[in-house]
Structure formats: structure tokens, C-alpha cells
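Asks:
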Amino acid sequence: MLLALPGNLPAQSTPAQPAAAPANPAPASTSAATVAARDPAVILRGTTSTQAERDEAARRLVQRDDDSARDALAAALQDIANRAGQLAAARALQADPTPDRALLIPLFALIGTGPDNLTEAAIGALGNYQSDAEVMGRLLDFAIDPQRQQKLVTRLASIKVVGTMSDKSDAHALIEMLQSDAEPASIRAAAASALTEMTGEANGQDAARWRAWWEQNQRKSEQAFQNDLLQSRSARLTLLERRFNRVVDESQRMLADVYQSAPDDKTRTAILLRYLKGNEPETRLVGVQLIKEDFNNNRTIPAAAREQLRAMVGDSSSQVRVGVAKTLTLLNDPGAVQAVLTQLDQEPDADVRALLTETLAPTQNLQVVDPLLKLLKDPSTQVAEAAAEGLKALGPLIEKDRDLSDRVARELQKALETYSAKPGNAPLRAALVDAMGMLQNPELRTVYTRLLRPSEASLVRQAALRALGKTGKPWAAGIIVNSLNDTDDAVRLEAVNALETTANFSQAEQLYEVTRNTQEKPDIRRRAWDVLQNLFHDDTASNNDLFRWPDRFREEPERRIVIWEVLRDRFTRDKDEPHLATVQQNIGEDKMKLSEAAFNIGDADTGRTRAEEAEKYFDLALQYYDSHPAIDPQVTTAVREKRMDALLASKQYPKAAQFAAQSISQSPSNQESMGRKLRNEVERLHKGKQDADAMQLIGAVHQMTPALSDPYASSINTIEADVKQKLGNQGPQSAVGSGL
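Residue numbers (the numbering used here): 6 to 745.
(1) Helix or strand or just coil, what does DSSP make of Ile489?
(2) Does the distance from the C-beta atom of Asn509 to that of Thr545 stay below 7 Å?
(3) Alpha helix (DSSP H) containing Asp494: first to last residue?
(4) Report yes if the C-beta distance between Val318 and Val293 is below 7 Å; otherwise report no.
(5) Taking 6 Å as the limit between beta carbons, can you name the residues of its chain near Ala366, skipping five residues before and five after?
(6) Is it buried or exposed for Trp480, if we count other Cβ within 10 angstroms and need 16 for buried?
(7) Just the C-alpha distance for Thr169 and Thr364, rounded to the nearest angstrom, thanks.
(8) Taking the C-alpha atoms as reference points, what is the distance between Arg747 and Leu108?
(9) Hey, Ala309 and Leu281: beta-carbon distance below 7 Å or not?
(10) Hey, how far is the Cα of Pro176 from the Cα of Ala389?
(11) With distances taken Cα to Cα, identify the nearest neighbour of Asn232 among Ala213, Thr204, Arg248, Gln210.
(12) Just to confirm my understanding: we take Ser226, look at its own chain, exclude 5 residues before and 5 after, and list those with CB closer than 7 Å. What are they?
(13) Would you identify the three-state DSSP class for Met709, choosing helix, strand or coil?
(14) Looking at the unbroken alpha helix (DSSP H) that takes in Ile48, where does it start and where does it end?
(15) Leu131 and Thr124 look like a contact to me (Cβ under 8 Å); what is the Cβ gap, rounded to whole Å?
(16) Could you tell me the distance, in whole angstroms, from the CA atom of Leu378 to the CA atom of Gly477?
(17) Between the segment 617-627 and the segment 653-662, can you find at least three pairs of beta-carbon atoms closer than 8 Å?
(18) Could I get the ranges of all uninterrupted alpha helix (DSSP H) runs contained in the segment 681-727, with 4 residues as the minimum, in chain order?
(19) Since Ala178 and Arg160 should fall inside the 8 Å C-beta cutoff, what is the C-beta to C-beta distance between them, to a whole number of angstroms?
(20) Using only CA atoms, which one of Ile669, Leu421, Ala431, Ser425 lies nearest to Leu449?
(21) Measuring alpha carbon to alpha carbon, tell me which of Ala392, Glu525, Val571 ends up nearest Asn549.
(22) By Cβ distance below 6 Å, which residues in the same chain neighbour Leu98 in space, the five residues on each side in sequence not counted?
(23) For a quick check, are the C-beta atoms of Ala431 and Leu464 less than 7 Å apart?
(24) Note down, in chain order, each residue of its chain lying with its Cβ closer than 6 Å to the Cβ of Glu686, except the 5 sequence neighbours on either side.
(25) Tell me the rounded alpha-carbon separation between Met709 and Gln663.
(26) Use the C-beta contact count for Asp715: other C-beta atoms within 10 angstroms, 16 or more gives buried, fewer gives exposed.
(27) Near Phe230, which residues of its chain fall below 7 Å by C-beta distance, leaving aside the five closest residues on each side in sequence?
(28) Measuring CB to CB, does Leu82 end up less than 7 Å from Ala94?
(29) In angstroms with no decimal places, state the Cα-to-Cα distance between Leu732 and Glu582.
(30) Could you check the C-alpha separation between Val728 and Gly607 for me, to the nearest Å?
(31) One question on the structure: do Val162 and Leu183 come within less than 7 Å of each other, judged by their Cβ atoms?
(32) On the three-state DSSP scale, how would you describe His633?
(33) Figure out for me which residue from Pro45, Ala533, Ala359 has the closest Cα to the Cα of Leu433.
(34) Once DSSP output is grouped into helix, strand and coil, what is the label at Trp219?
Spelled out as C-alpha cells, the structure:
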């Protein structure tokens, strides 16, 4: 059935009555705070609203696209007492992605019955019904106007719409208007402009060139004609979009420069508010971006700007709403919560709903828990996932309220059951499990255990392991260790991570096996060691247990030292001096292995540092051994020599010579071990052409009391003479050391 449209305009001698107004009348003020709290329909019909506020309110109603919004737009179009509201509604409907046929009659009724800009806006909105042949036919009739009944503005606006059409008859009509001498110049110019828009041909108002174009194209089939126009438009649109983006980028930079160049805060605030209230979304985005930049640069955000930003949560542009949502998250503005919740109830764009959802949890306000639980049921899994992430972030607060925690746990379980283990649901299911984990509810253990089955997605198994880890309970470790053999690398790594907070020494063997498994990923093996070394501090590990562990890392002195240090602390605490001395000796030996390894790769600084550390441990052990004569002398001698090795490796030459003299004073039998060590080091330095170091050591040896005896003293003297002779042959040198 064809829609009954008005006849020749002006139409409707009896004005249509506006639709019934909502129960709450419009407040007198339309400040940003009021806008944030009121329905756009109220602003659209408000007696004190500015045109800009009405325009934005109408755009918001169009993007909302629900019954109440369409009713409000229809009411505005029919309210002849509110021309500004009619204009705003008609303008907004020009960009309606799903034009409603119910609005056709009120739109046609506006043509020729009011100001010119209202007629232009109404025809522009009707031009949005491109798929409706009847509407397009009526607009073509208005453009041609064979009876000359229409106002000039009606014809001009209709001709502009015809330029967006693609039928041969539309093009022919424009050609006829262009070359008709009976038409006024403005109509011919509008027809030429419409032809250019339709075809992309740059023929201007040259009627002859357009006739030639028509002769070339009029014999094409309707389909071929339309295809050619569509291809031309597509190419032009691509170029236009690129140009538009460049213009937008440049304009936005210029607007930002104006703001940054403002002489004072008052001027800056005025500029910022003007941007935020701009008619174009690109301008409003500049304002939003400037707020982000000011916040990141620790500049105070004016209260008026914050208030306006909250009002923009429901902006007509989804791009602006996205920017506002991200900025509110950054600002963590508690005052925006109510505006966000209101917009969430009517936001049609899932991406924007997800971003708005992300603004709630950072407020750390438990009042947003129920809205987040409601959003778990959102038709978009993206939004539901954002809600789950929000509940996860609020978990520590929720967990403190047992009743609330239990209720949230139940709702999360319901959501988990709703979103089954189907492809695409894994990120959401994982987010739900992570949110459960933050509640640290042991009653959920069976849920987590079930989710560790191989049939579950890797992301979900990982989340279940994290949740078990959050319990911090040893019983959880008994479940977690089974996942050390999972086929998925990420799951195995997460299992190791979860053991960090749950395992005790009884899981040490399983972690050790991971560290030794050469088929395992290196990062997992390293992480397993990180967790394992913490278990050595476990009180359930006996000293005898720990004494057996260093030998399992024979070629890894760093890891051996970790275990020795645990024993060192225990024996220090217990004042167990005999065992403490043994551990100190072992630490020194492993430190010397690290020193040697560093020297071998050319890292002399680290080599000396490790040797210094080793020397201190050997010194502590030796103090105990020297004070207990019953200890096997061979043990004491071995430690004495190791301490000397450490002193020489760390180039502590005066301290080495002093230690040698003290050892000889304790027992002349130490002449051999001390003399041998000192002589060998002097020889090594000399052969290695480290003569400066050799002379420093020789100088320190000369200061010994008692002195070294032969053959060590004579060997050192011979080397000294050789070094001095070589230095003399090389020319004057600075004095190093002293002679015997």
C-alpha cells in the first residue's frame, strides 16, 4: 500500500497537535548539569533551550533509536509553536541511519510552511529515504515543479537531493533544468551542481558539455548507468574522506594551539567550554582530548569542564562518547557515575557501552556493583566482559561484605553457566572466573577444579588457576600441581604462578622437576625456580632436608647460595655455630665459583665483587675454626687458603699480606701455604703482563711482619728485579712498591 502523502504544498491547513509531553516539565535552566540529568526530549521542547542545545538533543534522540525517542522526534516535528525544535529534529533526521516512515507526513508538512531553513532541513531529512521510490518521486516533482507551485527554496533543496539519486530519469531531469531558458539562473546553477554531485564530472554550468555527457550515457541500461555512478561516487568518497581527515587533523591542531596559547586560565576555560559545546563532533573531540592532556600534565580541570564532560556521556556522536568514556575513566570522576548509568540504559553502541562500563569500577564505589551485575546480562559479550572486569577490580571491596560477596559469587556463577564453553566465549568466561577469584571464596573450589578440564579453553583454565592461587590455601596447591603437565604453555606457567601463593615444601619436588625438564619452555623453568626458592623458607622444611638440596644444583652456584643463605639465617637464629661455619664456608666456595665465571667472560668488576663477598664468608668460617682447635687442621688450612685466594682475586693486596703475616704468627707451619699463594699470584701477574698489580702485591709483601721465608721470598725478589729492569728499559716510570 502506498503511503498517503500531502498534495501540493503548503499542506495541512489545520496544525497538527504536539504529542503529549512527559509528566516532568522542563526546568528553567539548561546548564550542563541540567542537560546531564534530563531527557533530550525535554531539552528539545524546552522554552529556554538554545538552538545548539536543541540540535544536540535531537541528534541524541536519533542515535538512541527507540520508541520513546521516535515519539519525541515526531512530537517535535509537529509542534508549530516550537520552530526551533522542528528545525533541530529535521536536521538530526538527515543523519538517521534507519529512517522511520512514520515521520514522513510530519516532514512533508514542514515544506514551505515555515522559515526557509526549516524547509531545507525537512527536504534534507526526506532525502535520507533513498530506498523509498515514492518519497524520491515526490522530491523530484518538487525539483521540476512543472506547475510552478513551489517556493524557490523548496525547489533548490529538492534539486540538491536529486543530485544524490542515481536513476537515469533523475539525471535527465537535471539536464533539462540546466538547459531550460525558462528556468531562473539559480535553478540552472543548482541543477549543474547536482549533476556534478551525481556524476563527478567537472562540467560546471556548461550546458553543451552536459548534453554531450548525456548523449554518451543515456543509452546505457539502468543497471549499468547506476553502477557507473556508484563507482564514481565510491572513488570520490574515498578521496573526499582522506581530504576530510587531513582537514580535521589540521583544524584540530589549530584549535589545540589556540587553547594552549590562551593568556590565562579564565580564557583557557572559556575556550575549552566552547569546544566541548561545539556543533561538530570533531570540535567536541578536541575539547575532550585537551582535558585528557591537561590531566596527564597535572593541570587542574575546571569544574565547569568536568560538568560539561559528564553531560557529554550521551553525546550524539559515538566517537565523542567513546572519547568521553575514556577520559572519565582516566579522571576517575565519581560525579559522572549517575550520568554514565543513565546512558548505559539507552546506549545503542556496544563498543561505547563497554567503555562506559569501564568507567564504573575505578570509582571504588560499591553502589556500582548492582549495575555491573546487570551488565553481565548485556547482549554484547564485550560489555559483559567489561562488567566482569569491573567486578574483578572491586573484588577486594566486595569481599569485605560477606552477604554481598556471596550474592556476587552466585551471579557470576550464573553468568558462567549462561555463557557456555563455545568458541568466542573464552575471554568472557575467563573474566568471570577472574572476578570470582578476587572474592577468595573457598566454596568455589569445585567450580575452579571443573574448569581445569582439557575441554575448557586455555584462557579459562588460566583464570581458574589464578582463582585457586588467590585462595592462598595449601589445599589449592594440591589441585594446581596437576596442571604442571597441561599441554598448553600458558596454562603451565599460570600453574607455576599460582603455586607461589599456595604451595608449601611438599610441592618442592614437582617444581624441581619443572626446573630440570629440558623440554620445558625456558621462561617456565625460570619461573618454577622463582617459586621453588621461596619454599626453602617454609618452616615445614627441616634443616636436614635443606642440606640435601644444594647438591642438586652442582653446576648452578647462584641457586646453591640461595639455599645456603636460608640455612645461614636459621643457624644464626638458633646460634648453631658449628653448622653456621660450615654453611659460611660453602657460601664462600660458591661465591668464588661465580667470581671465576665472571673473570672467564671478561667481567673483571663482577669477578672482584664476588671474590670480596667470598672472602668475608671464609673469614667468618675461619674465625670459628681457629677458635676450636679440635677441628681437623686440614679443614682449617683449606679454608685459610681459600680466603687467601679470595683476597688475591679481589686485589685486596695489603689485606692479603696482613692476613698471611697473621697466619704465620699463629703457626710457622703456615709459611708454606701463605708463601706459595703469594708467590704464585706474583708470578701469574708478571706472566700476564700485569706488572703494576704485581708491584703493588710485592710492595704489600715487603710490609709483612714476620716476613716470608725462602724459597718464596727469593722467588718474589727475582720477579721484582725482573719487573724493575723491564720498566727501566722502557724509560722513566713512576715508582711502584719498594725493594727488599
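Built from N, CA and C at the ideal position, the CB exists for glycine as well.
Replies: The structure says:
(1) As a first step, residue 489 must be located in the sequence shown, where it is residue number 484. Before going further, note that residue 489 is Leu rather than Ile in the sequence given. Residue state, collapsed to three classes: helix.
(2) As a working mapping, residue 509 is identified with position 504 in the sequence shown. As a working mapping, residue 545 is identified with position 540 in the sequence shown. Yes.
(3) For the purposes of this step, residue 494 is taken as the residue at position 489 of the sequence shown. Note, Asp494: alpha helix (DSSP H), 494-507.
(4) Locating residue 318 in the sequence shown gives position 313, where the first residue counts as 1. Locating residue 293 in the sequence shown gives position 288, where the first residue counts as 1. For Val318 and Val293, no; Cβs fall outside 7 Å.
(5) On the sequence shown, residue 366 is found 361 positions in, with the first residue counted as 1. Once the five neighbours on either side are set aside, the close Cβ partners of Ala366 are Gly395, Ala398, Leu399.
(6) One-based indexing of the sequence shown puts residue 480 at position 475. When all chains shown are included, Trp480 counts as exposed.
(7) Sequence index remark: in the sequence shown, residue 169 carries index 164 (1-based). Sequence index remark: in the sequence shown, residue 364 carries index 359 (1-based). One C-alpha to the other measures close to 41 Å.
(8) Residue numbering for the chain in the displayed model covers 6 to 745; residue 747 lies beyond these limits and cannot be assessed.
(9) On the sequence shown, position 304 is the one that residue 309 refers to. On the sequence shown, position 276 is the one that residue 281 refers to. It is not a contact, given that the beta carbons lie outside the stated cut-off.
(10) On the sequence shown, position 171 is the one that residue 176 refers to. On the sequence shown, position 384 is the one that residue 389 refers to. First, the residue type needs correcting, since residue 176 is Ala and not Pro in the sequence shown. Approximately 50 Å between the Cα atoms of the pair.
(11) Here residue 232 is taken as the residue at index 227 of the sequence shown, counted from 1. When each option's Cα is compared against that of Asn232, the closest is Thr204.
(12) As a first step, residue 226 must be located in the sequence shown, where it is residue number 221. Excluding sequence neighbours, Ser226 sits near nothing in its chain.
(13) Here residue 709 refers to the residue found at position 704 when the sequence shown is read from its first residue. In this structure, Met709 counts as coil in the three-state DSSP scheme.
(14) Position 43 of the sequence shown, counted from the first residue, corresponds to residue 48. Run containing Ile48: 45-50, per the alpha helix (DSSP H) assignment.
(15) The residue given as residue 131 occupies position 126 in the sequence shown. The residue given as residue 124 occupies position 119 in the sequence shown. Not quite, the Cβ-Cβ distance comes to about 11 Å (not below 8 Å), so this is no contact.
(16) As a first step, residue 378 must be located in the sequence shown, where it is residue number 373. As a first step, residue 477 must be located in the sequence shown, where it is residue number 472. Each residue's Cα considered, the two are about 26 Å apart.
(17) Counting C-beta pairs with one atom in each stretch, the segment 653-662 and the segment 617-627 have three or more that are closer than 8 Å, which means they touch.
(18) Complete alpha helix (DSSP H) runs here, min 4: 696-707.
(19) In the sequence shown, residue 178 corresponds to position 173, counting from 1. In the sequence shown, residue 160 corresponds to position 155, counting from 1. With 8 Å as the limit, Ala178 and Arg160 do not qualify as a contact, their Cβ atoms being about 12 Å apart.
(20) Working through the sequence shown from its first residue, we reach residue 449 at position 444. The residue with the shortest Cα to Cα distance from Leu449 is Leu421.
(21) Within the sequence shown, the letter at position 544 stands for residue 549. With distances taken between CA atoms, Asn549 lies nearest to Val571 out of Ala392, Glu525, Val571.
(22) Numbered from its first residue, the sequence shown carries residue 98 at position 93. The residues are Ala130.
(23) Taking the first residue of the sequence shown as 1, we reach residue 431 at position 426. Taking the first residue of the sequence shown as 1, we reach residue 464 at position 459. It is a contact, given that the beta carbons lie within the stated cut-off.
(24) Numbered from its first residue, the sequence shown carries residue 686 at position 681. Excluding the 5 residues flanking it on each side, Glu686 has same chain C-beta neighbours closer than 6 Å at Leu653, in chain order.
(25) Indexing the sequence shown from 1 puts residue 709 at position 704. Indexing the sequence shown from 1 puts residue 663 at position 658. Roughly 6 Å separates the two Cα atoms.
(26) On the sequence shown, residue 715 is found 710 positions in, with the first residue counted as 1. It is exposed - the Cβ of Asp715 has fewer than 16 other Cβ atoms within 10 Å.
(27) Within the sequence shown, residue 230 is the residue found at index 225, counting from 1. Closer than 7 Å at Cβ, skipping near neighbours: Lys173, Asn222.
(28) On the sequence shown, residue 82 is found 77 positions in, with the first residue counted as 1. On the sequence shown, residue 94 is found 89 positions in, with the first residue counted as 1. The answer is yes: Cβ separation under 7 Å.
(29) The residue given as residue 732 occupies position 727 in the sequence shown. The residue given as residue 582 occupies position 577 in the sequence shown. In a straight line, the C-alpha of Leu732 is about 50 Å away from that of Glu582.
(30) The residue given as residue 728 occupies position 723 in the sequence shown. The residue given as residue 607 occupies position 602 in the sequence shown. Each residue's Cα considered, the two are about 25 Å apart.
(31) Counted from its first residue, the sequence shown places residue 162 at position 157. Counted from its first residue, the sequence shown places residue 183 at position 178. Contrary to the premise, residue 162 reads as Ala rather than Val in this sequence. Not closer than 7 Å, so no.
(32) Here residue 633 is taken as the residue at index 628 of the sequence shown, counted from 1. In this structure, His633 counts as coil in the three-state DSSP scheme.
(33) Reading the sequence shown from its first residue, position 428 is the one you call residue 433. Comparing Cα positions, the closest option is Ala359.
(34) Your numbering for residue 219 matches position 214 in the sequence shown. Reduced to three states, the DSSP call for Trp219 is helix.
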